[in-house]
Amino acid sequence: MRIGILCHPTYGGSGVVASELALSLAENDHRVHLFSHDMPPRLARAPGPVEVHVAQGSPYPLFHSTPHDLAIMSRVLDLHRSEGLDVLHAHYALPHAVSALQVRSAAVEAGLEPLKVVTTLHGTDITLVGNDPSYAPLTRYAIAASDAVTAVSEDLRQRTTDNFDGVPPCGIEVIPNFVDLEEFCPGAPRSARPTAVHVSNFRKVKRVPWLVEAFAMALEQLAARGANADAELILVGDGPQLGEARRVAQQRNLEGHVKFLGLRDALPDLLSPADAFCVASTEESFGLSALEAMACGTAVIGTCVGGLPEVVEDGVSGLLSPVEDLEGFAGHLASVLEDRERSAAMGAAARERAMGMFDRRRVVRLYEQLYRRLINGDCDR
Ligand code: GMT
Numbered sequence: 002m003r004i005g006i007l008c009h010p011t012y013g014g015s016g017v018v019a020s021e022l023a024l025s026l027a028e029n030d031h032r033v034h035l036f037s038h039d040m041p042p043r044l045a046r047a048p049g050p051v052e053v054h055v056a057q058g059s060p061y062p063l064f065h066s067t068p069h070d071l072a073i074m075s076r077v078l079d080l081h082r083s084e085g086l087d088v089l090h091a092h093y094a095l096p097h098a099v100s101a102l103q104v105r106s107a108a109v110e111a112g113l114e115p116l117k118v119v120t121t122l123h124g125t126d127i128t129l130v131g132n133d134p135s136y137a138p139l140t141r142y143a144i145a146a147s148d149a150v151t152a153v154s155e156d157l158r159q160r161t162t163d164n165f166d167g168v169p170p171c172g173i174e175v176i177p178n179f180v181d182l183e184e185f186c187p188g189a190p191r192s193a194r195p196t197a198v199h200v201s202n203f204r205k206v207k208r209v210p211w212l213v214e215a216f217a218m219a220l221e222q223l224a225a226r227g228a229n230a231d232a233e234l235i236l237v238g239d240g241p242q243l244g245e246a247r248r249v250a251q252q253r254n255l256e257g258h259v260k261f262l263g264l265r266d267a268l269p270d271l272l273s274p275a276d277a278f279c280v281a282s283t284e285e286s287f288g289l290s291a292l293e294a295m296a297c298g299t300a301v302i303g304t305c306v307g308g309l310p311e312v313v314e315d316g317v318s319g320l321l322s323p324v325e326d327l328e329g330f331a332g333h334l335a336s337v338l339e340d341r342e343r344s345a346a347m348g349a350a351a352r353e354r355a356m357g358m359f360d361r362r363r364v365v366r367l368y369e370q371l372y373r374r375l376i377n378g379d380c381d382r
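In my numbering, the protein residues as written are 2 to 382.
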């Protein structure tokens, strides 16, 4: 098949899913083009064979911001005219689904081959951005007009149908995120000190300062019961709440206990020695970074939000607590930092879970089947 993929060039989340999907499809002998306004980091370090198109708009005094999306649409249309595409797969509703639909219409008007539009919803494109009154009508259109829509969890599918009427002809299919089990695997021995790790873009929704506070409380609980409180929290990533997280670490005298690493590429090497991976988010449609940690054999300490319980089985591959329960979260963290045998057993269960449900090859096949159904006209309006 000839497949075009549109995505945000993000360090995590949808940018990673789109990049890994592009690589896997190319490995399965499809012709794959990926379009973005910058180089997605996961693709930058991959050797061929995906053709990456970085399309950036040119500044012009009438534009209040540079319209990269128009440049991406132009590039896709041009490629469709010269080489042809069967499927255009947009990751994140805005703006990519709208851009893909625009290209589909332009292709019809120009008498080019028809192409099918698949939109994958990732989370905040529905829960935060898409629900914002300034974008909701366009999000509704993007969902209803796509040839097929997928959501990364059942929770997200449900929220989408609750909030937006108008369903595409193929319905909304849940196709979960996936992980490369060979790249993300247990390897390194456990750290000498009990260790928790967190990876994110440090946006407000991730609550990293809250997590640092929970870690401080966990250390207090460990000290109070005479357990080893010489534990470490490793924070990977960068974003708006980095400064606030540092402030909490300083106020709680966590020097020597909290390490800020900034952006890092070698994630399996950081994830597999840890006793726990922490997710303190208020919203999480799936939790890809938690899945990557699980594949590395690391248990998850998280909040019971969105699609996270579909990924982490509470009490088996990790421990989940209600979103406002700071003490409960700290208690879970303290328990796995104290009982490293228990955390290792949960880590082993986490790896099993990743292998069963979220294996890259299994999930990529689901996308291929969906593309085929569309091309065969099974979902025609
Ligand atoms: O909202 C974000 O954090 C960005 C978004 C993305 O585009 O990276 O993340 C969402 O998509 C990921 C990939 O499907 C999911 O693993 C995340 O859970 C989801 N984030 C939220 O729902 C907050």
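Cβ coordinates follow ideal geometry from the N, Cα and C atoms, glycine included. None of the values given here were measured: they were computed from a predicted structure.
Looking at residue i and the ligand GMT, is the gap between the Cβ and the nearest heavy atom below 7 Å?
| i | result |
| --- | --- |
| Arg43 | no |
| Phe287 | yes |
| Glu369 | no |
| Asn29 | no |
| Glu284 | yes |
| Ser15 | yes |
| Gly307 | yes |
| Tyr93 | yes |
| Asn229 | no |
| Val206 | yes |
| Gly124 | yes |
| Thr11 | yes |
| Val153 | yes |
| Asn164 | no |
| Val18 | yes |
| Asn132 | no |
| Asn178 | yes |
| Asn202 | yes |
In this structure, how does DSSP classify residue i when only helix, strand and coil are distinguished?
| i | result |
| --- | --- |
| Ile235 | strand |
| Gly316 | coil |
| Thr299 | coil |
| Ala94 | helix |
| Gly14 | helix |
| Ala149 | strand |
| Pro288 | Just to set this straight, residue 288 is Gly in the shown sequence, not Pro. The answer is coil: DSSP assigns Gly288 none of H, G, I, E or B. |
| Leu264 | coil |
Express the C-alpha separation of residue j and residue i in angstroms, rounding to a whole number.
| i | j | result |
| --- | --- | --- |
| Arg382 | Leu44 | 35 Å |
| Asp326 | Leu89 | 42 Å |
| Pro120 | His92 | The sequence given here places Thr at residue 120; Pro does not occur at that position. Approximately 6 Å between the Cα atoms of the pair. |
| Trp211 | His199 | 12 Å |
| Ala225 | Gly303 | 23 Å |
| Leu236 | Asp126 | 25 Å |
| Pro41 | His9 | 7 Å |
| Glu114 | Ile376 | 12 Å |
| Leu182 | Gly112 | 43 Å |
| Arg32 | Ser290 | 28 Å |
| Ala250 | Lys207 | 16 Å |
| Val118 | Ala355 | 29 Å |
| Ala267 | Val109 | 44 Å |
| Phe383 | Pro170 | As displayed, the chain neither begins before 2 nor continues past 382, which places residue 383 out of reach and without an answer. |
| His38 | Ser286 | 24 Å |
| Pro323 | Gly124 | 19 Å |
| Thr162 | Phe278 | 31 Å |
| Pro60 | Leu78 | 21 Å |
| Leu371 | Ile6 | 15 Å |
| Asn202 | Ser154 | 20 Å |
| Arg366 | Pro134 | 36 Å |
| Gly58 | Val130 | 23 Å |
With a threshold of 8 Å between beta carbons, is residue i in contact with chain B?
| i | result |
| --- | --- |
| Ala331 | The structure shown contains no chain B; it holds only a single protein chain. |
Compute the minimum distance between the beta carbon of residue i and the heavy atoms of the ligand NAP, and state whether it is under 7 Å.
| i | result |
| --- | --- |
| Tyr136 | Here the bound small molecules are the ligand GMT; the ligand NAP is not part of this structure. |
At which residue ranges does the stretch 22–68 contain complete beta strand (DSSP E) runs of 3 or more residues, listed in the order of the chain?
32–37 and 52–55
Whole alpha helix (DSSP H) elements within the stretch 66–91, 4-residue minimum
69–83
Beta strand (DSSP E) segments (min. 3 residues) lying fully within the stretch 128–200:
149–152 and 173–175
What are the uninterrupted segments assigned as alpha helix (DSSP H) that are 4 or more residues long and contained completely in the stretch 319–378, given in chain order?
327–339, 341–358 and 361–376
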